[in-house]
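J.:
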Amino acid sequence: MRESLICIGKIGEKGYYFEDTGIQIFSYEELCYYMSQHMICYIHTLPGEDLLAYIRDELDLDKLSKQLSKLLDPEKDQMKYFAALFREGHYFNEDEIRDILDEYRGLMNAPVYLQKKWMGDLLTSSGRASRAIRYYQEALGQKEIKEEEVGRLYHNMGVAEAKLFRFENAKINFIKAYQYTGEESSLFYYYCIMALADGIETAGEELKTFEDSDFLLDAFEEQFAAFEEDFAYSAMAEKYRKIVFLDENGKPEEALAKKQRLVSALKKDFRKEIDI
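Going left to right, the sequence shown walks through residues 1 to 276 as this note's numbering numbers them.
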């Protein structure tokens, strides 16, 4: 977990891994916090028996495990499952539990396209872009979807595609998003991909095909320059400059070794974006 939590119960020797988000928890407190932040994952199904086994075996909460097991029946009210979970260790007070359950009720009663969009957004932010795209596509296929939401879905799908380095797909989605919403953010993302892939001049020429391009071009170039400057001072850029320096100064083997380590680290980070 990325948050710092005070844990007064037993800490599990082994962690419990949530496949959807790639997050691992080790305590009852972390479990409660995780669930409260990821209720969208459980509007159609509850956690499985493996979580109950973890609660029983690793956290020594046998009574809670048995109580939750009785509430796994699909005919039962799912809210009772979470109410029982949150009340066991008093991590949340009653007002907080009521607020969480009210939010959960709202998620369950929302239109299907919004449920899928929210799930896609959660997966994108959790480094599961490939899975997120599937949810966005399913949301777009819903008949009751509102037109303004179509553009937002295309924009978010463009972000997910860009995270997977599928730049051509990303560009298509950002253009579709702009056509539906007219929001400059989608057009700027499109411009950035063009600038990275084909250069600033090509991106500028492409932007001229859109309305208000003269006004937007200066603003976009300024924003993109700021991104480039930020990257120039990043740790990754520094590593790359060292590789280039070594290669240009008669140390190709050392440069190659550093390059291989950098690529290996990038692959490790990127692996989270791929369905295994």
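Idealized CB from N, CA, C, for every residue including glycine.
Pull up the distance between the alpha-carbon of Pro-111 and that of Lys-66, whole angstroms please.
T.: Mapped onto the sequence shown, residue 111 falls at position 111. Mapped onto the sequence shown, residue 66 falls at position 66. One C-alpha to the other measures close to 33 Å.
J.: Report yes if the CB atom of Lys-117 is closer than 8 Å to the CB atom of Ala-83, and no otherwise.
T.: Start at 1 with the first residue of the sequence shown, and residue 117 comes out as number 117. Start at 1 with the first residue of the sequence shown, and residue 83 comes out as number 83. Cβ distance not < 8 Å, so Lys-117 and Ala-83 don't count as in contact.
J.: Check the DSSP bridge columns for Ser-27 and list the partner residues they point to.
T.: As a first step, residue 27 must be located in the sequence shown, where it is residue number 27. According to DSSP, which records beta bridges pairwise, Ser-27 is partnered with Ile-11.
J.: Please classify Asn-173 as buried or exposed, where buried requires at least 16 neighbouring CB atoms within 10 angstroms.
T.: The sequence position of residue 173 within the sequence shown is 173, counting from 1. Buried.
J.: Excluding the 5 residues preceding and the 5 following Ala-197 in the sequence, name in chain order all residues of the same chain whose CB lies nearer than 8 Å to its CB.
T.: Counted from its first residue, the sequence shown places residue 197 at position 197. Phe-167, listed in sequence order.
J.: Hey, quick one: how far does the alpha helix (DSSP H) through Arg-152 stretch, first residue to last?
T.: For the purposes of this step, residue 152 is taken as residue 152 along the sequence shown, with counting starting at 1. Run containing Arg-152: 147-163, per the alpha helix (DSSP H) assignment.
J.: On the DSSP letters alone, give me the boundaries of the alpha helix (DSSP H) that Gly-120 sits inside.
T.: The residue labelled residue 120 in the question sits at position 120 within the sequence shown. Run containing Gly-120: 112-125, per the alpha helix (DSSP H) assignment.
J.: Taking the C-alpha atoms as reference points, what is the distance between Tyr-54 and Glu-144?
T.: Within the sequence shown, numbered from 1, the residue matching residue 54 stands at position 54. Within the sequence shown, numbered from 1, the residue matching residue 144 stands at position 144. Tyr-54 and Glu-144: Cα-Cα distance of roughly 40 Å.
J.: What span of residues does the alpha helix (DSSP H) with Cys-192 cover, start to end?
T.: Within the sequence shown, residue 192 is the residue found at index 192, counting from 1. 184-198 is the span of the alpha helix (DSSP H), which, as asked, contains Cys-192.
J.: Give me the DSSP bridge partner(s) of Tyr-54.
T.: Indexing the sequence shown from 1 puts residue 54 at position 54. Tyr-54 is not bridged to any residue.
J.: Using the beta-carbon count (16 or more within 10 Å), is Ala-177 buried or exposed?
T.: Within the sequence shown, the letter at position 177 stands for residue 177. Buried is the call here.
J.: Exposed or buried, Arg-121, counting other C-beta atoms within 10 Å across all chains shown (16 or more means buried)?
T.: Position 121 of the sequence shown, counting from 1, holds the residue named residue 121. With the sequence shown as reference, residue 121 is identified as Asp, and Arg is not the correct amino acid for it. Classification of Asp-121: buried, given that the 10 Å Cβ count is 16 or more.
J.: If contact is defined by three or more beta carbon pairs under 8 Å, each pair taking one atom from either stretch, is the segment 100-111 in contact with the segment 29-48?
T.: Touching, yes.
J.: Considering only residues of the same chain and omitting the five flanking positions on each side of Arg-271, which have a CB-CB separation below 7 Å?
T.: Taking the first residue of the sequence shown as 1, we reach residue 271 at position 271. With a pLDDT of only 46 at Arg-271, under 50, the local geometry of the prediction cannot be trusted, and the value read off the model is given with reservation. Excluding sequence neighbours, Arg-271 sits near nothing in its chain.
J.: For Thr-181 and Asp-57, I'd like the C-alpha separation in whole angstroms.
T.: Sequence index remark: in the sequence shown, residue 181 carries index 181 (1-based). Sequence index remark: in the sequence shown, residue 57 carries index 57 (1-based). About 51 Å.
J.: Could you pull the DSSP bridge partners for Phe-18 from this structure?
T.: Numbered from its first residue, the sequence shown carries residue 18 at position 18. Phe-18 is bridged to Ile-23.
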